[in-house]
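Engineer: Numbering (numbering that gives the first Met the number 0), first residue to last: 0 to 892. Beta carbons: idealized from backbone N, C-alpha and C, even for Gly. This is the structure I want to talk about, given as structure tokens.
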Amino acid sequence: MTKKLLLIDGNSLAFRAFYAMYNQLDRMISHKGLHTNALVAFNNFLDQIVDPMMPDLALVAWDAASGKETFRGELFAEYKDGRSKAPSEFKEQFPYLREMVALHGLRNYEQAGLEADDIIGTFSRMGEKAGYEVTIVTGDQDLTQLATDNITVNVTKKGVTEIESYTPDYIMEKFGLTPLQIIEKKALTGDTSDNYPGVTKVGEKTALKLLNDYHDIDNLYRNIDYMKQSKLKENLINDKDSAYMAKQLAEIKTDAVLELALDEIEFRGIDFDKLVDFYQEIDFKKQLAKIKALQKSGQLTSNKEDAEEIINVTVLGENHLDILETLTGKLTVHIELAGSNYHTDEMIGFVIGNDEVGYFGSRDTKLLQHETLKSIIEDNSITKNVFNVKEQLILFKRLGINLVGVNFDFLLVAYLLDTTDNDNELATLAQRFDVYLSSDEDFYGKGTKFLIPSDDSVLLQHLAHKADTIMKVEEPAITALKLHQQTHLYTEIELPLAHVLANMEYEGIKINQEKLLSIGNSLEKRITEIESKIYEESGEKFNINSPKQLGILLFEKMGLPVIKKTKTGYSTAVGVLEKLADESPIVEHILEYRQLAKIKSTYVVGLLSVVNKNDSKIHTRFLQTLTQTGRLSSVDPNLQNIPMRSEDGRQIRKAFVPSQKDWQIFGADYSQIELRVLAHITGDENMQRAFKNGEDIHAETARAVFGLSDDAIIDSQMRRTAKAVNFGIVYGISDFGLANNLGISRFEAKRFIDTYFKEFPKIHEWMSEIKASAHEQGYVETIAKRRRYLPDIQSKNFNLRSFAERTAMNSPIQGSAADIIKIAMIKVAEALRLNGMSARMLLQVHDELIFEAPKAEINLLKEIVTSVMDSAVALDVPLQVDSHFGNTWYDAK
């Protein structure tokens, strides 16, 4: 077997690693304040490129000092002059980079008087002579000069994990040069990055032509007299000394006297135990979880006492379910899904049990329908632990089973503990509590590599690990919840809400597909008509959906003023076109074309593609653990985003109909809930008085900012301005932002904001207090104690810090409004049950709830829903609910 030698250009790759994730510099900071962006990228390189190679010998070479302290500095005093100093955020990571290298089993090496290139060059030739297959990894193409039949130079392209392999054949194919001619090329062109000149006005193209004709500079200068007279010849003659000096500077030493022998750089393998401690120090959570999971599963041995054995799971069959009679106490139940959409994706197995009695499972999820298992699932006295209770509820519903007795949902608890670090992955969430298992991505693969193991024992062992993990994290997670004073938020809001949402999703909302097709046909007809008008006004046919073709037409052929340019040409974004609307009728047509085309593709074609064939309904998924404010999100499809502002968009709602004859759609929504929450939280008497007196808050604000009397008539423009100020204040808007929104001067916008704060002084006071609190605590809370952590609140980057401060002001408002609608949903669902009503809650669209009910129940439904929503939470100002109903969702608004 061929022996392998791996040589890595440390400085080059570290530099690339730092800038590969430079845009995340202020986000990647450890709990000790260490920037870790270069460490993250370099670790990815080691994991993805180095570790799989399993070399026999391996070394990472580093520059001992600046290039000036080498023979090159003596040869040319300005060598590498002009390079900017390495940022302090980069330099502070260097000691950790070297430690990371050592823990991955590679030798770090530097030597006074040599650059890393020379160390690599010399070791590469030593290795080749000793019979090794040599691989060099660098971010610097200069090292490609070292390539031979036995030495491959891998140059990183994007970041540090995508590489391009340079062999002599590849170099000839790409440049038309041999590896050694790369030195000759640098002799002619010089190197701006290393700051040494070559021959005046000789660039890459000219150098390649000269080398093609003369092979090297020795032969070039031997034949210089035979060249015809030209400026090039003159420059070559004048800069001969410069060319030969450049060649010396460019040539990597391959015969340096090294203080380290080749056989002393043996690859030692990864020291996983010490790497765990290292990852803990720099907060590498995912890498830490991966190692711990491998140790736990027995795939890695560990010297530490906490290494755990493989969890055994008993495979169940229909003929020996009596073994389950041994199950007592608290259980974990888990159905595994091959995908993310639990309404449609395949169920591939299940597991049930606890760490005392053991775990039991099968690939055959239909076994759960057997009376023995079903009775356990439907026994409310047997408490269950799960991960993602809403998913599990619906999966059991698909099997005709009612999952009850769920006490602990780790996904919900983890989300409440930290909404900023929640990826919905059991493996990464569990490692917060020092519990580790293989992630689904590591176990199944990702994308096209996704593969469900054919071996039952392998799959069920993974599920047993999941179940065991859910059991182990319960105690520390619930303890953390108590410390955060969030137990009631979990037990009284999020957990019961998950049951409400599961029922809503499973029920679904019916679609009149014929109506939706009719709307689509009508849209298509109008789109065709507008298309014809656009072609008529442009005088030619072109691809309206191509920004490039549209840009050329509008700004070059039609001569419209250029508002904004992008890297690829002219910007034709909506904001740009809206500013050009008065310049030409074609712009209005293009805007209308885009709007109608989007409605048709997203809300006609898109919705029709997800209608369930069995019940003609759409079953959306409400994401309960996604947003940092606590608001729900709707996906697959997003039913919270059906257009409301345009009549064309609103037409889509005509296709949403009741599921039964003589039923209607009913809707109820909170009026100005965020401003009411603002009045409550800030305690501002003036704003509270307006709400208590049932006044129009936007009209009252208009009178304040425009300095009008209490009985002054407010026109629509004034009210629009006041509305923008009201909601802008909630989002921490600046005078610049408000001026831009309203099309007024910054002076006028500032006057509006200043007047607003004089009228509502407690609001301004609260905004200052909440920002100060966020800086001190690192988080803000809603009225229900929902926390939002703000990792950028102390950032040195002004933009990141300012955004975090605006978030600190907005999150308690938005989050409290989310708390209120969630509480209302739980109470409404209970009220419908207690009153024995047939009405069903179908959708939540931010501040609005949508129901379907028999016509005979509508009046009672209105009474119950408005009463419950009005009193869902006691605020210092009254909540107000508006309701509406009709034969379709469109009619109910």
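Let's see if you can read the secondary structure: which residues bound the alpha helix (DSSP H) around E851?
Structural biologist: Note, E851: premise wrong, no alpha helix (DSSP H); beta strand (DSSP E) at 847-853.
Engineer: Looking at the structure shown, is R630 part of a helix, part of a strand, or coil, going by DSSP?
Structural biologist: Of the three classes helix, strand and coil, the one that applies to R630 here is coil, per DSSP.
Engineer: Could you check what DSSP says for K784 in three-state terms: helix, strand or coil?
Structural biologist: coil
Engineer: Could you give the DSSP three-state label for S61: helix, strand or coil?
Structural biologist: Strictly speaking, residue 61 in this sequence is Trp, with Ser absent from that position. W61 falls in the coil class under three-state DSSP.
Engineer: T137 by DSSP, collapsed to three states: which one?
Structural biologist: strand
Engineer: Three-state secondary structure (DSSP) at A479?
Structural biologist: Here A479 sits in helix by DSSP.
Engineer: Under the rule that 16 or more other beta-carbon atoms within 10 Å means buried, what is K208, buried or exposed?
Structural biologist: Around the beta-carbon of K208, fewer than 16 other beta-carbon atoms lie within 10 Å, marking it exposed.
Engineer: Do the stretch 430-449 and the stretch 371-383 touch if we need at least three Cβ pairs shorter than 8 Å?
Structural biologist: Taking a cut-off of 8 Å on C-beta distances, the stretch 430-449 does not touch the stretch 371-383, as fewer than three cross pairs fall below it.
Engineer: Could you give the uninterrupted runs of the beta strand (DSSP E) lying entirely in the stretch 736-797, keeping only those of 3 residues or more?
Structural biologist: Unbroken beta strand (DSSP E) stretches of 3 residues or longer found wholly inside the stretch 736-797: 778-780, 786-788, given in chain order.
Engineer: How big is the Cα-Cα spacing for D417 and G446?
Structural biologist: 28 Å
Engineer: Taking 9 Å as the threshold (C-beta atoms), are Y505 and K365 in contact?
Structural biologist: No.
Engineer: With I526 and K597 assumed to form a contact (beta carbons below 8 Å), what rounded beta-carbon distance in angstroms separates them?
Structural biologist: No, I526 and K597 are not in contact; Cβ-Cβ is about 10 Å, not under 8 Å.
Engineer: Any idea what DSSP makes of I728, helix, strand or coil?
Structural biologist: helix
Engineer: With DSSP run on the structure shown, which of helix, strand or coil describes I641?
Structural biologist: coil
Engineer: Could you tell me which of P546, L553, K578 sits nearest to T565, measuring between CA atoms?
Structural biologist: P546
Engineer: Which residues does DSSP pair with T565 in a beta bridge?
Structural biologist: G568
Engineer: By a C-beta neighbour count over all protein chains shown, 10 Å radius and 16 as the cutoff for buried, is V573 buried or exposed?
Structural biologist: It is exposed - the Cβ of V573 has fewer than 16 other Cβ atoms within 10 Å.
Engineer: I need the boundaries of the beta strand (DSSP E) containing E539, first residue and last residue.
Structural biologist: No beta strand (DSSP E) holds E539; DSSP gives it neither H nor E.
Engineer: So what does DSSP say about A667, is it helix, strand or coil?
Structural biologist: strand
Engineer: Taking buried to mean at least 16 other C-beta atoms within 10 Å of its own C-beta, is E163 buried or exposed?
Structural biologist: exposed
Engineer: Can you give me the C-alpha to C-alpha distance between K578 and G706, rounded to a whole angstrom?
Structural biologist: 31 Å
Engineer: Taking its Cβ as the centre, do 16 or more other Cβ atoms sit within 10 Å of S796, making it buried, or is it exposed?
Structural biologist: Position check: residue 796 holds Asn in this sequence, whereas Ser was assumed. So N796 ends up on the exposed side.
Engineer: What number of angstroms, rounded off, separates the C-alpha of N318 from the C-alpha of L428?
Structural biologist: 37 Å
Engineer: Where does K303 sit, in a helix, a strand or coil, going by DSSP?
Structural biologist: Here K303 scores only 46 on pLDDT, less than 50, and its place in the model is too uncertain to base an answer on.
Engineer: Whole-angstrom Cβ separation of T624 and N423, contact assumed at under 8 Å?
Structural biologist: 6 Å
Engineer: Is Y341 buried or exposed, if buried means 16 or more other CB atoms sit within 10 Å of its CB?
Structural biologist: buried
Engineer: With a threshold of 6 Å on Cβ separation, who are the neighbours of H774 within its own chain once the five nearest residues in sequence on each side are excluded?
Structural biologist: I792
Engineer: What separation, rounded to the nearest whole angstrom, lies between the Cα atoms of Q663 and T626?
Structural biologist: 32 Å
Engineer: Taking 8 Å as the limit between beta carbons, can you name the residues of its chain near E258, skipping five residues before and five after?
Structural biologist: Once the five neighbours on either side are set aside, the close Cβ partners of E258 are Q110.
Engineer: Please state if the CB of L553 and the CB of Y534 are separated by a distance shorter than 9 Å.
Structural biologist: no
Engineer: Excluding sequence positions up to five away, which residues of its chain have a Cβ less than 8 Å from the Cβ of E536?
Structural biologist: S583, P584, I585, H588
Engineer: Three-state secondary structure (DSSP) at P167?
Structural biologist: helix
Engineer: Taking only heavy atoms of the ligand NAP into account, decide whether any of them is closer than 8 Å to the Cβ of A855.
Structural biologist: Looking for the ligand NAP in the displayed structure turns up nothing, as the structure carries no ligands at all.
Engineer: Taking only three categories from DSSP, how would you classify N234?
Structural biologist: helix
Engineer: Return the chain-ordered list of same chain residues with a C-beta closer than 7 Å to the C-beta of K284, the five sequence neighbours on each side being excluded.
Structural biologist: T427, Q430
Engineer: Quick one: grab the DSSP three-state call for V314.
Structural biologist: strand
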